[in-house]
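*Asks:* Take this structure first; my questions come after.
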Amino acid sequence: MQNYSDNYNLIIKIASELDIVHARSQVKQFMQSIGFSLADMTKIATAVSELARNIYRYAGQGVIKVREVSVDGEPGIEIIAEDEGPGIEDVEKALEDGFSTIRSLGLGLPGVKRLVDRFHIESSAGKGTKVTIFKKNQRKRRRSVSSFQRYP
Amino acid sequence: MSSVERALVPFIKLYNTLLVPIQIELDDTSVELLQEQLLERIRDRDIEAVIIDVSAIELIDSFIARALVDTAEMAHLMGVKTILIGMRPEIALTLSQMGMKVDIMTAVNLERALELLNIKVVKE
Numbered sequence: 014m015q016n017y018s019d020n021y022n023l024i025i026k027i028a029s030e031l032d033i034v035h036a037r038s039q040v041k042q043f044m045q046s047i048g049f050s051l052a053d054m055t056k057i058a059t060a061v062s063e064l065a066r067n068i069y070r071y072a073g074q075g076v077i078k079v080r081e082v083s084v085d086g087e088p089g090i091e092i093i094a095e096d097e098g099p100g101i102e103d104v105e106k107a108l109e110d111g112f113s114t115i116r117s118l119g120l121g122l123p124g125v126k127r128l129v130d131r132f133h134i135e136s137s138a139g140k141g142t143k144v145t146i147f148k149k150n151q152r153k154r155r156r157s158v159s160s161f162q163r164y165p
Numbered sequence: 002m003s004s005v006e007r008a009l010v011p012f013i014k015l016y017n018t019l020l021v022p023i024q025i026e027l028d029d030t031s032v033e034l035l036q037e038q039l040l041e042r043i044r045d046r047d048i049e050a051v052i053i054d055v056s057a058i059e060l061i062d063s064f065i066a067r068a069l070v071d072t073a074e075m076a077h078l079m080g081v082k083t084i085l086i087g088m089r090p091e092i093a094l095t096l097s098q099m100g101m102k103v104d105i106m107t108a109v110n111l112e113r114a115l116e117l118l119n120i121k122v123v124k125e
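Put into structure tokens, the structure is as follows:
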């Protein structure tokens, strides 16, 4: 299903509140450099902000890894948010709107899920959490089509 | 407000309205400090309405959005109206897609917000 190397374009350590701000601006900058639209950059930077906050609040520390990949022939960006924290006991429930053990996180995971094209979560109590998201780079596809038309 | 604590953003008084242009990148601590400072300004001055300008903000996640809504709710409890102005389209798109209900009065710009408050700025 996926083709990529193990090389990440960005690896951001999350261990403080400042790292949340750092992570979202780093991701935004990287997405800009590979040609994402402003709307998609903002959506994914927001998703990263939510995921980084989850790491910091629930696990204390963790890592956000970013790479440019193609999934099913679609160019895009994949982001993995990983921690070795307490994990989520009921993943299904965590994806329901309004579920939260911290005031701010009622929309955390369900909100992230709505902002991306693919969403995957692995978690179990005591074993940490790994969230993987993917967003298509629609501009990239469009741009290659238009340049093809311009230079037949 | 204690004298050692610097205001995070400008608080501009216009008649009984407080204009609050947010020109810093908000993180969890600063958004809560901003909330506190704003409520203290409302108490210390004769304020009837607050206009929060978010046009310089490049990202509003669920925590920041929730804090803005909470601030408006707290101001409301103190008898003060809050109007949010200048939200960027990509942020409106993101918050709406996330399913975030931002239950707060809004206006497209400062002129419209002042009109909502029945404040007329007349050019002589």
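Those protein sequences? They're chains G and H, same order as listed.
Mapping of the first sequence onto this note's numbering: position 45 corresponds to residue 58, and the numbering continues sequentially without gaps.
Mapping of the second sequence onto this note's numbering: position 11 corresponds to residue 12, and the numbering continues sequentially without gaps.
Backbone N, C-alpha and C define an ideal beta-carbon position, used for all residues, glycine too.
The model shown is predicted, which means the values in this text are computed figures rather than measured ones.
(1) Buried or exposed, going by whether 16 or more other CB atoms sit within 10 Å of the CB of Gln24 of chain H?
(2) Taking only beta-carbon positions, decide if Ser97 of chain H is within less than 7 Å of chain G.
(3) Helix, strand or coil, according to DSSP, for Ala94 of chain G in the structure here?
(4) Write down every uninterrupted run of the alpha helix (DSSP H) in the stretch 62 to 108 of chain H whose length is 4 residues or greater and which is fully enclosed by it, in chain order.
(5) Can you name the start and end residues of the beta strand (DSSP E) that Val76 of chain G belongs to?
(6) Let me check one thing: in DSSP terms, what residues is Arg42 of chain H bridge-paired to?
(7) Using alpha carbons as the reference points, say which of G:Glu95, G:Val82, G:Ser83 and G:Ser136 lies closest to Glu105 of chain G.
(8) Rounded to the nearest angstrom, what separates Thr114 of chain G and Tyr16 of chain H at their Cα positions?
(9) Flag Glu105 of chain G as yes if its beta-carbon sits less than 7 Å from any beta-carbon of chain H, otherwise no.
(10) Here's the rule: buried if 16 or more other CB atoms are within 10 angstroms of the residue's CB, otherwise exposed. What is Thr30 of chain H?
(11) Let me confirm a value: Pro11 of chain H is counted as buried when at least 16 other C-beta atoms fall within 10 Å, else exposed. Which label applies?
(12) Considering only C-alpha positions, which residue in the set H:Ile120, H:Arg89, H:Met106 and H:Ser63 is nearest to Ala52 of chain G?
(13) Measure the C-alpha to C-alpha separation of Val82 of chain G and Gln74 of chain G and round it to an integer number of angstroms.
(14) Assess contact between the stretch 107 to 119 of chain H and the stretch 134 to 151 of chain G, defined as three or more Cβ pairs (one per stretch) separated by less than 8 Å. Is contact present?
(15) Mind checking Ile13 of chain H: buried by the 16 CB within 10 Å criterion, or exposed?
(16) Is there a Cβ of chain G sitting closer than 7 Å to that of Asn17 of chain H, yes or no?
(17) Under the rule that 16 or more other beta-carbon atoms within 10 Å means buried, what is Gln39 of chain G, buried or exposed?
(18) Per DSSP, which one or two residues make a beta bridge with Phe147 of chain G?
(19) Within 10 angstroms of the Cβ of Arg116 of chain G, are there 16 or more other Cβ atoms? Answer buried if so, exposed if not.
(20) Tell me which same chain residues have a C-beta within less than 6 Å of the C-beta of Ser50 of chain G, skipping the five on either side of it?
(21) Could you work out which residues of chain G lie near Glu91 of chain H, taking near to mean beta carbons separated by less than 7 Å?
(22) Tell me which same chain residues have a C-beta within less than 6 Å of the C-beta of Arg37 of chain G, skipping the five on either side of it?
(23) Quick one: using the 10 Å Cβ neighbour count with 16 as the cut-off for buried, is Met79 of chain H buried or exposed?
(24) Does chain H have any CB closer than 7 Å to the CB of Ser62 of chain G?
(25) Could you give the DSSP three-state label for Val123 of chain H: helix, strand or coil?
(26) Quick check on DSSP: helix, strand or coil for Ala57 of chain H?
(27) When the Cα atoms are used, what is the spatial distance from Ala65 of chain G to Val123 of chain H?
(28) Taking the alpha carbon of Ile53 of chain H as the point to measure from, which residue in H:Glu59, H:Thr72, H:Asp45 and H:Arg46 has its own alpha carbon closest?
*Replies:* Straight from the coordinates:
(1) exposed
(2) no
(3) strand
(4) 63 to 78 and 90 to 99
(5) Gly75 to Val84
(6) Arg42 of chain H is not bridged to any residue.
(7) G:Ser136
(8) Only weak support exists for where Thr114 of chain G lies, its pLDDT of 47 falling under 50; the coordinates are left without a value.
(9) no
(10) exposed
(11) exposed
(12) H:Arg89
(13) 25 Å
(14) no
(15) exposed
(16) no
(17) buried
(18) G:Glu91 and G:Arg131
(19) Note that Arg116 of chain G scores a pLDDT of 43, beneath 50, so its modelled location is shaky and nothing firm can be said.
(20) Arg152
(21) Leu51, Ala52 and Thr55
(22) Ala58, Val61 and Ser62
(23) exposed
(24) yes
(25) coil
(26) coil
(27) 48 Å
(28) H:Thr72
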